[in-house]
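Below you'll find the structure, written out as structure tokens, and then a few comments.
Protein chains: 2
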Amino acid sequence: MKQTTDAPQGGDVAEMLCFAIYSAQHAFNQFYRPLLDRFGLTYPQYLVMVALWASDGRTVKQLGAALRLESNTLTPVLKRLEAQGYVTRQRDPEDERQVRVRLTEAGRAIREEASAVPQCVTDTLGLGDAEMRDLVQKLAAVRDRLAGATRG
Amino acid sequence: MKQTTDAPQGGDVAEMLCFAIYSAQHAFNQFYRPLLDRFGLTYPQYLVMVALWASDGRTVKQLGAALRLESNTLTPVLKRLEAQGYVTRQRDPEDERQVRVRLTEAGRAIREEASAVPQCVTDTLGLGDAEMRDLVQKLAAVRDRLAGATRG
DNA sequence: CGCGATTTAATCGCGCACGATTTAACTACG
DNA sequence: CGTAGTTAAATCGTGCGCGATTAAATCGCG
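Which chain is which? The protein sequence lines are Y and D, in order.
Start counting the first sequence at 1; every next residue gets the next number (the working numbering).
Start counting the second sequence at 153; every next residue gets the next number (the working numbering).
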């Protein structure tokens, strides 16, 4: 009987969920690149901006919780965003261990313009709203199960 | 109360399909790491091995078509696999532009042992076969639509 | 044949990811 | 208080991804 799961016995990477996610991630990255070029943003940088547009003034830790990244990844990204003039980074006077990340005027300014970007994604994918949400929910479940098993 | 925007996908990263894929990809990467450590393989290296187990002796181009990668990414990965003793790389005498990648005895030898790895994934995810296939198919459709739009 | 166009890998530079470690600031507890 | 333990960011090294470029082999067309 043919295996159709994540098992390589029967087949190729094409049948594996991990590869479906892996290759879809690269496709997103490449799809976003030309759209974000005019802002000088990379895809991970864009995700940070989205997180800040939703809730400004978060600490590195809080951003990391939202993006599932840690300071070893975030700090260099945030420094580049700071160098681009989109955010500021300053130690919280209340707790000097923490660094608060805040949007600059320029960072807030591109929000409107950048709203065309996700619209372009939905247009390209042509998925219904319910189908999209379902896919997001299923992927979040996969992610959380994997993450739970990795730690616990 | 959580802020949302009018833009589709524009609330927070948690609602965005691109982020669901992005974070699931990282979760897979971290889930695989301890499982692959004993083979000395990274996750991308493992995907190359899976592709070769399915069809040995492919060219870099053919491997790239399967994995959606190009030589700029594959060549260093293949060199590391070669250094580990899992594959050989040699120019095709029929067409010296091409490099054929072949499993060594050691490369074939770990196939059986490594078959426990995807089993561990299915056990952890607890998804039915049909549900898994459906998810893979949907993600492949997303990937192909994005890739088609990026090129075309 | 000859020579420009095409194809295939490889190379280079940059920006993530991330395990491991370090530094600094805060907390808890005797 | 003081100090051991904890927490938050930053630092470092390695390995991808990938756009851009280069080098070499092959193809195509006169």
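Built from N, CA and C at the ideal position, the CB exists for glycine as well.
All values derive from a computational prediction rather than experimental measurement.
CA-to-CA distance, residue j to residue i, given in whole angstroms
{"i": "G300 of chain D", "j": "R91 of chain Y", "result": "44 Å"}
{"i": "G216 of chain D", "j": "G278 of chain D", "result": "31 Å"}
{"i": "E94 of chain Y", "j": "L67 of chain Y", "result": "24 Å"}
{"i": "M168 of chain D", "j": "A54 of chain Y", "result": "12 Å"}
{"i": "L199 of chain D", "j": "Q30 of chain Y", "result": "20 Å"}
{"i": "Q289 of chain D", "j": "A140 of chain Y", "result": "17 Å"}
{"i": "D204 of chain D", "j": "L255 of chain D", "result": "For the record, residue 204 of chain D in the displayed sequence is Leu; it is not Asp. Answer to the nearest angstrom: the Cα atoms are 7 Å apart."}
{"i": "Q161 of chain D", "j": "T240 of chain D", "result": "For Q161 of chain D, the predicted model reports a pLDDT of 40, less than 50, meaning its position is unreliable; a value from the coordinates is still stated below. Whole-angstrom Cα-Cα distance: 45 Å."}
{"i": "A83 of chain Y", "j": "T302 of chain D", "result": "29 Å"}
{"i": "S223 of chain D", "j": "E96 of chain Y", "result": "46 Å"}
{"i": "R297 of chain D", "j": "D123 of chain Y", "result": "10 Å"}
{"i": "L221 of chain D", "j": "T75 of chain Y", "result": "28 Å"}
{"i": "L135 of chain Y", "j": "A166 of chain D", "result": "12 Å"}
{"i": "A159 of chain D", "j": "L36 of chain Y", "result": "With a pLDDT of only 37 at A159 of chain D, under 50, the local geometry of the prediction cannot be trusted, and the value read off the model is given with reservation. Taking the straight line from one Cα to the other gives about 16 Å."}
{"i": "Q119 of chain Y", "j": "G40 of chain Y", "result": "19 Å"}
{"i": "R38 of chain Y", "j": "P44 of chain Y", "result": "15 Å"}
{"i": "I110 of chain Y", "j": "G128 of chain Y", "result": "27 Å"}
{"i": "E264 of chain D", "j": "R108 of chain Y", "result": "54 Å"}
{"i": "A20 of chain Y", "j": "T73 of chain Y", "result": "24 Å"}
{"i": "R133 of chain Y", "j": "D208 of chain D", "result": "39 Å"}
{"i": "R18 of chain Y", "j": "V212 of chain D", "result": "Before going further, note that residue 18 of chain Y is Cys rather than Arg in the sequence given. Rounded to the nearest angstrom, the two C-alpha atoms are 21 Å apart."}
Segment limits, beta strand (DSSP E) that includes residue i
{"i": "R252 of chain D", "result": "V251 to L255"}
{"i": "D92 of chain Y", "result": "V87 to D92"}
Nearest neighbour of residue i, chosen from the options [CA to CA]
{"i": "Q120 of chain D", "options": "D:P186, D:R232, D:A266 and D:Q214", "result": "Outside the displayed range of chain D (153 to 304) lies residue 120 of chain D, so it cannot be described from this structure."}
{"i": "V273 of chain D", "options": "D:A166, D:Y184, D:V294 and D:T240", "result": "D:Y184"}
{"i": "T194 of chain D", "options": "D:R297, D:T276, D:A293 and D:V269", "result": "D:V269"}
{"i": "R58 of chain Y", "options": "Y:Y86, Y:V101 and Y:V142", "result": "Y:V101"}
{"i": "P50 of chain Y", "options": "D:D164, D:L221 and D:Q236", "result": "The question names Pro, yet the displayed sequence has Val at residue 50 of chain Y. Selected option, being the one with the closest Cα: D:D164."}
{"i": "E283 of chain D", "options": "Y:D123, Y:R111 and Y:V142", "result": "Y:V142"}
{"i": "P186 of chain D", "options": "D:R297, D:D286, D:L287 and D:A266", "result": "D:A266"}
{"i": "E105 of chain Y", "options": "Y:A14, Y:Y86 and Y:E112", "result": "Y:Y86"}
Host alpha helix (DSSP H) of residue i (start-end)
{"i": "V75 of chain Y", "result": "The sequence shown places Thr at residue 75 of chain Y, not Val. Counting along the chain, the alpha helix (DSSP H) containing T75 of chain Y begins and ends at S71 to Q84."}
{"i": "T194 of chain D", "result": "Taken as a continuous stretch (DSSP letters only), T194 of chain D belongs to no alpha helix (DSSP H), as it is neither H nor E."}
{"i": "D189 of chain D", "result": "L169 to D189"}
{"i": "R303 of chain D", "result": "D281 to R303"}
{"i": "A166 of chain D", "result": "That residue, A166 of chain D, is in no alpha helix (DSSP H); it is neither H nor E in DSSP."}
{"i": "G64 of chain Y", "result": "V60 to L67"}
{"i": "D305 of chain D", "result": "Outside the displayed range of chain D (153 to 304) lies residue 305 of chain D, so it cannot be described from this structure."}
{"i": "D275 of chain D", "result": "A268 to L277"}
Distance cut-off 6 Å: residue i Cβ against heavy atoms of the ligand NAP
{"i": "S175 of chain D", "result": "Absent from the structure shown: the ligand NAP. Ligands present: none."}
**Asked** For the 8 Å Cβ check, are there 3 or more pairs between the stretch 19-26 of chain Y and the stretch 73-88 of chain Y?
**Response** no
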